[in-house]
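Reading through the structure tokens given below for one structure.
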Amino acid sequence: MNAVSALGELLVLFGVFFYFLSALGLIRMPDVYNRMQTATKSATLGSLGVIIGTGIWAVGEGLHWGWITKTLVIAVFLLLTNPISAHALIRGAYKSGIPLWEGSVVDRYREALEESREEGEE
Amino acid sequence: MGEAGKISRYLYTVIVLFIIWLFLTSSLDAQELEIGFILSLIVAAFTYDLFTSRGLANLHPRRIAYAAAYIPYFLWAMIMANLDVAYRVLHPKRPINPGIVECKTVLSSDVGKLSLANSITLTPGTITLDVIGDRYFIHWIDVKDASIEGASENITRPFEKFLKVIFG
Amino acid sequence: MTSCVQCIEYIMVFVMILAAVFAVEWKDLLAAVVGMAAVSLVASILFFFLQAPDVAMTEAAIGAAMSAAVFIFAIKRTQRYETEEEERPGWWIRW
Amino acid sequence: MMGINVYLALIAIATLLSLYRVFRGPTTVDRLVAVDIMTTITTGLMVLFALLYRRMIFLDVALVYAVLAFLGVIAFARYLEGGI
């Protein structure tokens, strides 16, 4: 139990806690947009913690130093691809006509779409 | 932002591919380095046309310094925003106030717009819904200011300081 | 330590069976494809637990990207909802 | 290696909660979001188990998931937009 693997375990604990939090947000939020808000990105930060923490932990356990570089590559790819899927998904949800929660305050996107449709008709 | 020459773009692609190879194999053996270098030469010949349009100008020291400063700033913003969302999830009354707001950006290049949209999406509380020209439509979990200027001040300004230098 | 590792294997098998039952029983075919993606995900991690990383890698590549895209093309060419007069749901859902 | 039980228990709870959302979700997009969360959680679980088995080859499965998992979601999103 040296300092390096203790740091790695701390990072893993941090990430796992955020996993739990994102699943809790998935349960508690009222509509699909807010669920995406709390879920997708907490899970991204959580997996960042778990993956890099595991790499540091493995190096602290005395394994090959390739663990840390490989986990870094996995974390970078996850960081690049996860927001793209969230972005595509929320746009598909809006375009397929799922309404916003009734407590929402503004909806500028609908106004902009109506503006562009009127311009197209003229 | 004109096109760079073919040689410059090819060399940039080779460098990036070789760095990815180094991280994936994580070995400094001579044989591994040789085969990786040959493979990145071959793969770069097919892909440099798609991969970049600016070539070695991407490796300007000022841009690298700003990118290196951007990473810790972005991670810190991400952790802070995640703790804020954690407070909203764990609070029994669920203090949320969602809505879709509009922002303006000053970035012009496509890669800059993509990375700004990804940064906005990864800091929780905001998620990019659509980009039309320079107008960003953003779903915000706690709307503080519904006007265009106020929302831009709150959401996109902190990232634009860095991204304007990095991507132009 | 080993006992808890086995616990998570049991939980994954439970998740897989439940997702497979949902995928068969849902009338919305798009949701059924989502359930099938969940089944393929858990199948991949079960191969992982059985110490077969190559099979798990293939299952990940096929199940995550290819099969969902192929089924969505099929739904696009036919229709999204099953019609009502077909068979009743099975007894394990009815009671 | 003492805390491994805690980590695995939290991951299992998170998986079961997202399975509940897959079951309940009123619309298809809810189910899709829940499966996306399950994919991300599973990637982390695979990396943890690779350390538990102490073999580096197991990391490649997580790499494949990190690179390819978003393609299926994008196909779904294109269908919902009315594209493809």
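Residue numbers (this note's numbering), protein chains in the order written: chain A, 1301 to 1422; chain B, 7 to 174; chain C, -1 to 93; chain D, 3 to 86.
Cβ atoms here follow ideal geometry from the backbone N, Cα and C, with glycine treated the same way.
Beta-carbon spacing of residue i, residue j below 8 Å
{"i": "A59(C)", "j": "L70(D)", "result": "yes"}
{"i": "T111(B)", "j": "L122(B)", "result": "yes"}
{"i": "L128(B)", "j": "T1344(A)", "result": "yes"}
{"i": "I1374(A)", "j": "A68(D)", "result": "yes"}
{"i": "I147(B)", "j": "C109(B)", "result": "no"}
{"i": "L17(B)", "j": "L45(B)", "result": "no"}
{"i": "A92(B)", "j": "L1321(A)", "result": "yes"}
{"i": "A73(B)", "j": "I172(B)", "result": "yes"}
{"i": "T42(D)", "j": "S1347(A)", "result": "yes"}
{"i": "L6(B)", "j": "V49(B)", "result": "This structure cannot settle anything about residue 6(B), because the visible part of chain B is limited to 7 through 174."}
{"i": "W1357(A)", "j": "S32(B)", "result": "no"}
{"i": "K1341(A)", "j": "P67(B)", "result": "no"}
{"i": "L50(D)", "j": "Y81(D)", "result": "no"}
{"i": "L1389(A)", "j": "A16(D)", "result": "no"}
{"i": "I9(C)", "j": "T44(D)", "result": "no"}
{"i": "G105(B)", "j": "D1331(A)", "result": "no"}
{"i": "F69(C)", "j": "M48(D)", "result": "no"}
{"i": "Y1409(A)", "j": "D136(B)", "result": "yes"}
{"i": "H1387(A)", "j": "T162(B)", "result": "no"}
{"i": "R33(D)", "j": "V32(C)", "result": "yes"}
Minimum C-alpha distance to residue i - residue among the options
{"i": "S20(D)", "options": "A68(D), I39(D), R56(D)", "result": "I39(D)"}
{"i": "L73(D)", "options": "M1336(A), H1364(A), S1385(A)", "result": "S1385(A)"}
{"i": "S158(B)", "options": "V107(B), K170(B), Y18(B), V137(B)", "result": "V107(B)"}
{"i": "G61(C)", "options": "A14(D), I59(D), A77(D), Y22(D)", "result": "A77(D)"}
{"i": "L96(B)", "options": "T1369(A), A1358(A), E1402(A), T1338(A)", "result": "T1338(A)"}
{"i": "L18(D)", "options": "A36(C), V31(C), L27(C), A29(C)", "result": "A36(C)"}
{"i": "L53(D)", "options": "S1305(A), A1412(A), T1381(A), I1390(A)", "result": "S1305(A)"}
{"i": "L169(B)", "options": "R141(B), D90(B), P130(B), A75(B)", "result": "A75(B)"}
{"i": "L113(B)", "options": "D55(B), A51(B), D140(B)", "result": "D140(B)"}
{"i": "T29(D)", "options": "L1413(A), E1415(A), G1362(A), P1399(A)", "result": "P1399(A)"}
{"i": "V149(B)", "options": "Q37(B), I102(B), L56(B)", "result": "I102(B)"}
{"i": "Y79(C)", "options": "L48(C), A41(C), L27(C)", "result": "L27(C)"}
{"i": "T94(C)", "options": "F12(C), V3(C), W24(C), C2(C)", "result": "For residue 94(C) there is no data in the structure shown, the boundaries of chain C being -1 and 93."}
{"i": "I109(C)", "options": "Q4(C), Q77(C), V3(C), V40(C)", "result": "Here chain C covers residues -1 to 93 and nothing more, so residue 109(C) does not appear."}
{"i": "S38(C)", "options": "C2(C), A63(C), V3(C), Q4(C)", "result": "A63(C)"}
Under 7 Å from the C-beta of residue i: neighbouring residues of chain C
{"i": "R33(D)", "result": "A29, V32"}
Within chain B, partners of residue i - CB distance below 7 Å
{"i": "N1302(A)", "result": "Chain B residues near N1302(A): none, gap ~21 Å exceeds 7 Å."}
{"i": "S1347(A)", "result": "Residues of chain B passing the Cβ test: none, with the nearest at roughly 12 Å."}
Cβ distance (whole Å) where residue i is taken to contact residue j below 8 Å
{"i": "V20(B)", "j": "L39(B)", "result": "Incorrect: roughly 13 Å between the Cβ atoms, too far for contact."}
{"i": "R1335(A)", "j": "V37(D)", "result": "That belief does not hold up - the Cβ atoms of R1335(A) and V37(D) are roughly 13 Å apart, past 8 Å."}
{"i": "G1349(A)", "j": "F1314(A)", "result": "5 Å"}
{"i": "I6(C)", "j": "A14(D)", "result": "6 Å"}
{"i": "Y1319(A)", "j": "L12(D)", "result": "6 Å"}
Chain A residues whose Cβ lies nearer than 8 Å to that of residue i
{"i": "A64(D)", "result": "I1351, I1374"}
{"i": "E108(B)", "result": "R1408, Y1409, A1412"}
{"i": "I15(D)", "result": "F1320, A1323"}
Proximal chain D residues relative to residue i, where beta-carbon distance stays under 8 Å
{"i": "M55(C)", "result": "D62, V63, V66"}
{"i": "T1381(A)", "result": "A68, V69, A71, F72"}
{"i": "W1357(A)", "result": "L53"}
Where residue i meets chain D, residues with beta-carbon distance less than 7 Å
{"i": "V22(C)", "result": "Ordered by position in chain D, no residue passes the 7 Å Cβ test against V22(C), which lies about 14 Å from the chain."}
{"i": "W35(C)", "result": "Contrary to the premise, residue 35(C) reads as Ala rather than Trp in this sequence. The contacting residues are V37, G74."}
{"i": "I15(C)", "result": "Those within 7 Å of I15(C) in chain D number zero; the least Cβ separation is about 11 Å."}
Chain C contact residues for residue i, given Cβ-Cβ distances below 8 Å
{"i": "T42(D)", "result": "Correct list: empty, because the minimum Cβ distance to chain C is about 11 Å."}
{"i": "L10(D)", "result": "C2, V3, C5, I6"}
{"i": "L19(D)", "result": "None at all; the shortest Cβ gap to chain C is about 11 Å."}
Proximal residues of chain A, C-beta to C-beta of residue i below 7 Å
{"i": "A36(D)", "result": "L1326"}
Neighbour list for residue i in chain D, Cβ cutoff strictly below 9 Å
{"i": "A66(C)", "result": "L73, G74, V75, A77, F78"}
{"i": "A43(C)", "result": "Strictly speaking, residue 43(C) in this sequence is Ile, with Ala absent from that position. Residues of chain D passing the Cβ test: T44, L47, M48, F51, V63."}
{"i": "L48(C)", "result": "Within chain D, no residue comes near L48(C); the closest Cβ sits about 11 Å away, beyond 9 Å."}
Under 8 Å from the C-beta of residue i: neighbouring residues of chain B
{"i": "G1366(A)", "result": "T31, S32, S33"}
{"i": "R1391(A)", "result": "L135, D136"}
{"i": "A1343(A)", "result": "None at all; the shortest Cβ gap to chain B is about 10 Å."}
{"i": "T1371(A)", "result": "Those do not exist, as T1371(A) stays about 10 Å from chain B at its closest Cβ, beyond 8 Å."}
{"i": "A1386(A)", "result": "T127, I133"}
Any non-hydrogen atom of the ligand HEM closer than 7 Å to residue i Cβ
{"i": "W1401(A)", "result": "Absence of the ligand HEM is noted for the structure shown, with no ligands found whatsoever."}
(message) For the stretch 11 to 28 of chain D against the stretch 16 to 35 of chain C, do three or more pairs of beta-carbon atoms, one drawn from each stretch, fall closer than 8 Å, so that the two count as touching?
(response) Contact between the stretch 11 to 28 of chain D and the stretch 16 to 35 of chain C is present, with at least three C-beta pairs closer than 8 Å.
(message) Is it the case that the stretch 48 to 58 of chain C contacts the stretch 73 to 82 of chain C, given that we only count it when at least three CB pairs across the two stretches are under 8 Å?
(response) No, the stretch 73 to 82 of chain C is not in contact with the stretch 48 to 58 of chain C.
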